[in-house]
Every structure is written in C-alpha cells, then in structure tokens.
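Only one structure is covered here, and it is reproduced in the block below.
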Amino acid sequence: MPAPDGEPRETEVRRSAQRVLTRHLRADDAAHWPELRLDLAGATLVDFDAAGCTLVDANFTEAVFTGTTTFAGATARGRLLLDAATFGDVVFEGLAADGEVILDDVRVGGGASFDGGALPGGLACRRASFAGPTSFRRVTFGQPTSFDATRFEDAATFREAVFDGALSMEHTEFGRSANFHSVRFTNMALFRWTVFGAEALFDRARFLDAANFGRARFHSMASFRDTQFSRPPQVEQARAVADPGHRWPAGTTVDRLDDEWLLLVDR
Numbered sequence: 011m012p013a014p015d016g017e018p019r020e021t022e023v024r025r026s027a028q029r030v031l032t033r034h035l036r037a038d039d040a041a042h043w044p045e046l047r048l049d050l051a052g053a054t055l056v057d058f059d060a061a062g063c064t065l066v067d068a069n070f071t072e073a074v075f076t077g078t079t080t081f082a083g084a085t086a087r088g089r090l091l092l093d094a095a096t097f098g099d100v101v102f103e104g105l106a107a108d109g110e111v112i113l114d115d116v117r118v119g120g121g122a123s124f125d126g127g128a129l130p131g132g133l134a135c136r137r138a139s140f141a142g143p144t145s146f147r148r149v150t151f152g153q154p155t156s157f158d159a160t161r162f163e164d165a166a167t168f169r170e171a172v173f174d175g176a177l178s179m180e181h182t183e184f185g186r187s188a189n190f191h192s193v194r195f196t197n198m199a200l201f202r203w204t205v206f207g208a209e210a211l212f213d214r215a216r217f218l219d220a221a222n223f224g225r226a227r228f229h230s231m232a233s234f235r236d237t238q239f240s241r242p243p244q245v246e247q248a249r250a251v252a253d254p255g256h257r258w259p260a261g262t263t264v265d266r267l268d269d270e271w272l273l274l275v276d277r
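For the sequence shown, the working numbering assigns the number 11 to the initial residue and increments by one for each residue that follows.
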C-alpha cells in the first residue's frame with residue numbers, strides 16, 4: 011500500500027513518464043521521434059533506462075538519478091551533458107558518442123561501468139567523484155580526455171582502453187587499485203601530481219608519445235612490467251613507498267629519501 015505521503019505513487023508516476031519518453035528515443039520503436047533534443051537539466055529521474063536510445067544534444071546537467079541508471083548501447087549525437095549530475099549505480103557500457111561527453115563535477119555513489127564505449131569526441135570528467143568500482147575497460151577515447159582532480163574511491167580499471175587523443179590525469183586520486191594493463195596511449199599522457207593509493211598497474215601498456223609522472227605519489231606497489239615507451243617517461247620528484255614489488259620503467263633513477271619513501275628523478 012502507498013505510504014500516506016504518496017511517495018511510492020509519485021515514484022511510479024515518474025517511472026511511467028520516463029518509459030514513455032525513452033520509447034520516443036529508440037530508433038527501433040514505432041513511437042520514435044527522430045532529432046528530439048532532450049533537456050532534462052535539474053530533473054529527478056528514478057531507475058532511468060536509456061539503453062539503446064539515440065540522444066541528440068541531450069542535457070542532464072545537475073540531474074539527480076536515483077536507483078540504477080543505464081545508457082548501455084545508447085548513441086549520443088552532439089554533446090552529452092551530464093555535468094554536476096548525481097548517480098547511484100550507472101551503466102554506460104557500449105555508449106557511442108560522436109560529440110564530447112561532459113561529466114565534470116559528477117558524483118557517483120555506487121558502481122560505474124563504461125566498458126566497450128566509443129568516445130571519439132572526447133571526455134571531460136574533471137573534479138568528479140566515483141564511490142564504487144569504476145570500469146573503463148576497452149573504451150576508445152578520441153579527442154583530448156581529462157580526469158583532472160577526479161577521485162576514484164574504489165578500484166578503477168582502464169584495462170585495454172585506447173587513448174587516441176591526449177590524456178590528462180593531473181591531481182587525480184585513486185583510493186584503491188588503478189589498472190592500466192595493456193592500455194595504448196597514442197598521444198601525450200599526463201599523470202603529474204596523481205595520487206595512487208593502492209597498486210598502480212601499467213603492465214604491457216604502450217606510450218607512443220610523452221608520458222609524465224612528475225610529482226606523482228605511489229602509496230603501494232607500482233608495476234610497469236613489459237611497458238613500452240617511445241621515449242623515457244618523465245618522473246621528476248615522484249615519490250613511492252619503499253616496496254620490493256615495484257617494477258619501474260627501464261632506466262628509472264630511484265633514490266631513497268628515508269626508511270619509508272623513495273624519490274624518482276629524471277636522468
């Protein structure tokens with residue numbers, strides 16, 4: 011039975027309205043409205059399901075998404091604006107976006123998955139916060155991508171991702187493991203002042219342009235096993251806890267600061 015305040019009824023009304031809306035956004039539905047531009051800035055959405063939808067210049071700025079949100083298999087044409095939005099769990103798996111995707115100042119309270127996405131227009135994800143496990147496995151990033159000042163509180167993986175544009179992760183914080191296994195960095199990759207709170211894994215990654223880890227902090231084991239660099243990476247003033255498990259890039263100069271910390275310097 012609905013509670014006296016009618017909240018469950020309101021929630022069901024929201025879900026019904028959302029289902030009607032997303033029917034018009036699916037190209038394979040008879041009710042499809044092509045070229046519909048969606049503006050839900052500041053809206054409150056419950057278990058929003060945009061799987062398989064076509065989103066044209068969609069604006070979800072400062073929207074509040076509760077429950078589980080999915081954009082799995084969606085196509086975004088033009089910019090996809092999600093800046094300052096709030097999520098519970100969110101799924102972007104297989105998202106194809108030809109314009110820039112904006113996730114600046116986003117807050118995700120649960121898990122987030124972008125696996126298999128194609129973002130040739132680039133991604134802006136600055137000052138964002140991800141509380142749960144976050145995955146960008148096999149995502150292809152095109153134009154310059156930024157995660158500057160973003161916080162990953164749980165494990166984050168970019169395994170087998172491809173960065174065809176420049177990547178900036180300056181002042182980014184990883185609370186748990188950061189996995190960049192077999193990632194390809196075609197353009198410059200900046201990890202200056204990045205904080206790795208647990209394992210930092212770059213095994214078999216390929217850096218085809220400049221890589222800069224200056225003043226980064228490695229609070230646990232760092233591994234660059236079988237990592238390929240087109241030129242020596244810059245590591246000036248990066249620090250790492252003394253850990254026998256470290257696997258540094260060939261030629262890295264490591265000095266001991268004290269019993270707990272190591273200092274990395276450029277040759």
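Glycine is no exception: its CB is placed at the ideal position from the N, C-alpha and C atoms.
Asked	Found
Among Val245, Gly207, Leu50 and Gly126, the one whose alpha carbon lies nearest that of Phe228	Gly207
Reference Thr71; option with closest CA among Ala107, Phe157 and Arg117	Arg117
Residues of its chain near Ala7, where Cβ-Cβ distance is below 8 Å and the 5 sequence neighbours each way are ignored	With the chain represented from 11 up to 277, any question about residue 7 goes unanswered, as that position is not in the structure.
Pick from Gln247, Gly224 and Arg169 that is closest to Phe212, judged by C-alpha positions	Arg169
Helix, strand or coil at Pro259 [DSSP, three-state]	coil
Buried or exposed (CB count within 10 angstroms, at least 16 for buried), Ser240	exposed
Spatial distance of Phe190 from Thr167 (CA atoms)	6 Å
Thr3: first and last residue of the uninterrupted beta strand (DSSP E) it sits in	What is shown of the chain runs 11 to 277, which leaves residue 3 out entirely.
Sequence-distant residues of its chain with Cβ nearer than 6 Å to Asp265 (five each side left out)	Leu273
As assigned by DSSP and simplified to three states, the class of Ser156	strand
Helix, strand or coil at Val101 according to DSSP, with G and I counted as helix	strand
Buried/exposed call for Ala260, threshold 16 Cβ in 10 Å	exposed
Chain D within 8 Å of Gly52, Cβ atoms only	Checking the listed chains, one finds no chain D in this structure; it contains a single protein chain.
Close Cβ partners of Phe234 (< 8 Å) along its chain, the five nearest in sequence each way excluded	Phe212, Asp213, Ala215, Arg257, Trp258 and Pro259
Own chain residues within Cβ distance below 8 Å of Gly132, not counting five before or after	Glu110, Val111, Phe151, Gly152, Gln153, Pro154, Thr155 and Gly175
Entirely enclosed beta strand (DSSP E) segments - the region 175-259, minimum 3 residues	248-251
Beta carbon of Leu65 nearer than 8 Å to that of Leu91	no
Cut-off 6 Å between Cβ atoms - residues of its own chain near Thr54, not counting five sequence neighbours on either side	Val74
Those residues which DSSP pairs with Phe81 across a bridge	Paired residue(s): none; Phe81 is not in a bridge.
Bridge-paired residues (DSSP) for Ala141	Beta-bridge pairing links Ala141 to no other residue.
Range of the contiguous beta strand (DSSP E) that encloses Ala165	Where Ala165 is concerned, there is no enclosing beta strand (DSSP E), given that its DSSP letter is neither H nor E.
Sequence-distant residues of its chain with Cβ nearer than 6 Å to Thr263 (five each side left out)	Val275 and Arg277
Collapsed DSSP secondary structure at Leu273 in the structure displayed	strand
Distance, Ala95 Cα to Asp269 Cα	44 Å
Per DSSP, the bridge partner or partners of Arg117	Thr96 and Ser139
Distance CB(Asp114)-CB(Arg136) smaller than 8 Å	yes
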